[in-house]
Amino acid sequence: MSNFFSSWLWLSRFRSSSLNHSFHRALHSITTATPHKNAPTSSNFFNSHRTNNPWTNWSIPLALALSAGSLSLQPHSDPSFSDSLDSDISGVSIGGKGSTQYVVKGSQKEFPQELLEELKIICKDNISLDYDERYFHGKPQNSFHKAVNIPDVIVYPRSEEEVSKIVKLCNIHKIPIVPYGGATSIEGHTLSPNGGVCIDMASMQKVKALHVDDMDVVVDPGIGWMELNEYLEPFGLFFPLDPGPGASIGGMCATRCSGSLAVRYGTMRDNVISLKVVLANGDIVKTASRARKSAAGYDLTRLMIGSEGTLGVITEVTLRLQKIPQCSVVAMCNFPSVKDAADVAIATMMSGIQVSRVELLDEVQIKAINIANGKNFPECPTLMFEFIGTEAYAREQTQIVRKIVSEHNGSDFVFAEEPEAKKELWKIRKEALWACFAMAPNMEAMISDVCVPLSHLADIISRSKKELDASSLVCDCSCW
Ligand SMILES: Cc1cc2nc3c(=O)[nH]c(=O)nc-3n(C[C@H](O)[C@H](O)[C@H](O)COP(=O)(O)OP(=O)(O)OC[C@H]3O[C@@H](n4cnc5c(N)ncnc54)[C@H](O)[C@@H]3O)c2cc1C
């Protein structure tokens, strides 16, 4: 793995509280065809764009510019769209210095009544015009991307055929569509800058076929990676990508996501065998067969992976699975500086040890974790490792890394082998974003990522931390 990801979380004085995923899922179940009394008129409607996956392409200068820009953050109330549009659009600066919110203009179109009636026939009760629900779907959480519009309608298709009919109609009426999975993406991916139809895949969550001998599974796009792994556990199998808690398999394909195990198993690109996709005209295509070794024709699967809903709506996914390792060991250790910790991560990778996870958490992140979870971890830069394999192999790797750590000013090397202790450690790590709200309850979060070659890791962290320490922002950093 030649790249390392560094995730930055800025906490700034607050606009709206963060809704967690369970609340989000609860909202999904509230569907009504009655317009809300506060529903905006078409004159409230504005616009914007599509983004790329931050985990794969953010650049360092942009992250630094944003950190500088965030110094001028103003406290906000949570205004209605009409209030915020007038004041914000006039003097808008798009990203970069002086801007803490990313706004891109779009266009506005009256939603055709005829289309609405046709959608109601297809979706029956699974359609919503409720203002709060549309607002929730249109407004990204923990993101500096500003929602300047919300979807006109939300539909919850139950089958590929329904998706196909919906997309075909929207194409005929030239109305934009935004597929919607777990809404855990953080760079405004699910914004609806031109209104239109939000296609929420929450009603398509089935496991359609499990082939234990072939180590693959065929699933609906709306199923979450966490639910899938619960289903797979009794079969001794698991799916190795773990992005945000609540992310759906369809959204993970669309963002070409990674996860903490990417260092060992690669990204979504490496773990999807085949897809079924509804194209813009409503046609359904299957991108490949289940056979693992096939190079015939264009690689349509990889064309769709990472296309962020712009090339089609993913309606079925065949995933490559892994065997749950016989043994795993989770280790943690502390360092006087982030640079020391980064050097150990590099030295470990260079030693040829195939760690399954290595994560660096800075002292701010550890402090937040302590507060949120009632823990007492030393509040200093910390590395977390996971080693897997046979018992003997996992332990041997643990001892080699322990030696590397001691050679780089590391201390307090501890490790856990009990399943519950390991599960808890990774859960705490995965929920670190929400832990930050326990540390700074009246602030809102802005997350961003940089991706650099391994050899640049220590430098980018040191430089960025220097700038951030000089700012008024509360900022934590974690890398993997
Ligand atoms: C705490 C936290 C940790 C995270 N960690 C990671 C990480 O380690 N690695 C990483 O890569 N990301 C990470 N993420 C980001 C996020 O979880 C991933 O980008 C994830 O893949 C998004 O999946 P989703 O189902 O939430 O997609 P959504 O946010 O719902 O949608 C994302 C994009 O996919 C499109 N889309 C959704 N479903 C479909 C479909 N069926 N067909 C076509 N297009 C579709 C949407 O239109 C949108 O463009 C993290 C987020 C959080 C909050």
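Residue 142 in UniProt numbering sits at position 142 of the sequence shown; the count goes up by one each step and never skips. Cβ atoms here follow ideal geometry from the backbone N, Cα and C, with glycine treated the same way.
Are the CB atoms of residue j and residue i within a distance shorter than 8 angstroms?
i, j, result
"Q354", "R264", "yes"
"W225", "A209", "no"
"R357", "E386", "yes"
"C333", "L300", "no"
"residue 554", "I223", "There is no way to answer for residue 554, as the model of the chain reaches only from 1 to 480."
"S185", "N149", "no"
"P221", "G250", "yes"
"V197", "P151", "yes"
"E316", "V218", "yes"
"D362", "P381", "yes"
"A435", "I346", "no"
"I175", "V155", "no"
"V163", "V278", "yes"
"A342", "V401", "no"
"K465", "V338", "yes"
"F136", "G195", "no"
"F377", "T398", "no"
"H189", "E308", "yes"
"V313", "P441", "no"
"E379", "I371", "no"
"A280", "N171", "yes"
"L433", "L321", "no"
"L228", "L169", "no"
"S143", "E114", "no"
"K430", "D242", "yes"
"R134", "D214", "no"
"K165", "G282", "yes"
"V364", "I404", "no"
Is residue i helix, strand or coil by DSSP?
i, result
"F136", "helix"
"L279", "coil"
"S72", "Reliability fails at S72, whose pLDDT of 22 lies under 50, so the model's placement of it is uncertain and the value that follows must be treated cautiously. Of the three classes helix, strand and coil, the one that applies to S72 here is helix, per DSSP."
"D459", "helix"
"C475", "strand"
"V401", "helix"
"A435", "helix"
"T382", "strand"
"P441", "coil"
"A416", "strand"
"N38", "The predicted model places N38 with a pLDDT of 31, which falls under 50 and marks its position as unreliable, so this point remains unresolved."
"K375", "coil"
"E467", "helix"
"I150", "coil"
"S406", "helix"
"I305", "coil"
"D449", "strand"
"K286", "strand"
"K430", "helix"
"L62", "Note on L62: pLDDT 26, under 50, position unreliable in the model; no value is reported."
Since residue i contacts residue j with CB under 8 angstroms, what's their CB separation in whole angstroms?
i, j, result
"V272", "L319", "6 angstroms"
"C327", "G389", "7 angstroms"
"F239", "V212", "In fact, because the Cβ distance is near 14 angstroms, the residues do not count as touching under 8 angstroms."
"I199", "R256", "Wrong, their Cβ atoms sit about 20 angstroms apart, outside the cutoff."
"H408", "D340", "5 angstroms"
"V329", "R395", "7 angstroms"
"K276", "E160", "7 angstroms"
"L454", "M349", "6 angstroms"
"C477", "I461", "6 angstroms"
Is the shortest distance between the beta-carbon of residue i and the beta-carbons of chain C less than 8 angstroms?
i, result
"E114", "Considering every chain present, this structure includes no chain C. It has just one protein chain."
| Which runs of the alpha helix (DSSP H) spanning at least 4 residues fall entirely within the region 309-360, listed in chain order? | 338-350
| query | Quick one: complete alpha helix (DSSP H) runs, 4+ long, within the region 153-217? | reply | 160-173
| query | At what residue ranges does the region 217-265 contain a whole run of the alpha helix (DSSP H), taking only runs of 4 or more? | reply | 225-232, 249-255, 262-265
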